[in-house]
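The end of the sequence shown is residue 157 by UniProt numbering, with every number in the run present.
Ideal Cβ placement from N, Cα and C applies to all residues, glycine included.
On a predicted model such as this, the values are computed, not experimentally measured, just so you know.
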Amino acid sequence: MRPIRTVPPKDEREYPLVITAEEKDKVLNYILVVANGKRTAKLNYKDIPDLRISKEQYEIVLEEFKNRRFIDYNMYDIEDIEFDLEPGIYNFIERGGFTVERDLYIINFDVLELQLKRLEKELSPTTAIKVNNVVANAKNVTELVIGLKAIIEMLGT
């Protein structure tokens, strides 16, 4: 008698909305552990300990690694992927990986804020108000830079 095929159980786990730097580092470090000094590594999503992202998020992480030239692969089966490690992976891990990259990004904003506060003390009250408005209304770094550049040009003329 043949066994009856059943539908695999639905994954009921809740996954984060954002793939954190820590989760990316887990995948990156595990690739290096599996490679064990070799140029290639074969990896399975299920083998990575304490990974808190879905399979689809895992695929997104691998695409990012490929785009950043950390690894190369041909996606045949998400279950068992064989990677070729690229030189960039070692340099990136040596510099601290995604966690340090994120922390440096945050530190740069903190430094920028301190510089703006120091500059605010040196500016006239009307210019300081303009700087505060630009900083408060900037939705991203590009808008902040454009706004500050406009103020600098105004001061220069």
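Whose CA, out of the options, lies closest to the CA of residue i?
{"i": "residue 30", "options": "151, 117, 45 and 18", "result": "45"}
{"i": "residue 20", "options": "102, 127, 146 and 149", "result": "102"}
{"i": "residue 41", "options": "125, 155 and 85", "result": "85"}
{"i": "residue 55", "options": "13, 149 and 90", "result": "13"}
{"i": "residue 123", "options": "83, 34, 5 and 154", "result": "154"}
{"i": "residue 83", "options": "10, 140, 4 and 39", "result": "39"}
{"i": "residue 140", "options": "109, 119, 117 and 90", "result": "109"}
{"i": "residue 90", "options": "136, 107 and 35", "result": "35"}
Compute the beta-carbon to beta-carbon distance between residue i and residue j, rounded to the nearest angstrom, for a pair I have assumed lies under 8 Å.
{"i": "residue 97", "j": "residue 47", "result": "With 8 Å as the limit, residue 97 and residue 47 do not qualify as a contact, their Cβ atoms being about 19 Å apart."}
{"i": "residue 71", "j": "residue 15", "result": "Not a contact, Cβ separation roughly 22 Å."}
{"i": "residue 68", "j": "residue 37", "result": "The Cβ separation is near 21 Å, so there is no contact."}
{"i": "residue 93", "j": "residue 32", "result": "7 Å"}
Near residue i, which residues of its chain fall below 8 Å by C-beta distance, leaving aside the five closest residues on each side in sequence?
{"i": "residue 151", "result": "127, 130, 131 and 134"}
{"i": "residue 66", "result": "72 and 73"}
{"i": "residue 138", "result": "144 and 147"}
{"i": "residue 17", "result": "none"}
{"i": "residue 27", "result": "48, 51, 58, 61, 62 and 65"}
{"i": "residue 6", "result": "none"}
Report buried or exposed for residue i, applying the criterion of at least 16 other Cβ atoms within 10 angstroms of its Cβ.
{"i": "residue 63", "result": "exposed"}
{"i": "residue 23", "result": "buried"}
{"i": "residue 114", "result": "exposed"}
{"i": "residue 43", "result": "buried"}
Provide the residue(s) that pair with residue i in DSSP beta bridges, ordered along the chain.
{"i": "residue 82", "result": "42"}
{"i": "residue 72", "result": "84"}
Report all residues from its chain with a CB closer than 7 Å to the CB of residue i; omit the five preceding and five following residues, and keep chain order.
{"i": "residue 59", "result": "78"}
Identify, in the order they occur along the chain, each residue of the same chain with its Cβ nearer than 6 Å to the Cβ of residue i, setting aside the five sequence neighbours on each side.
{"i": "residue 50", "result": "none"}
{"i": "residue 112", "result": "none"}
I want to check one thing, is the minimum distance from the CB of residue i to the heavy atoms of the ligand MN below 7 Å?
{"i": "residue 65", "result": "Of ligands this structure carries none, so the ligand MN is not represented either."}
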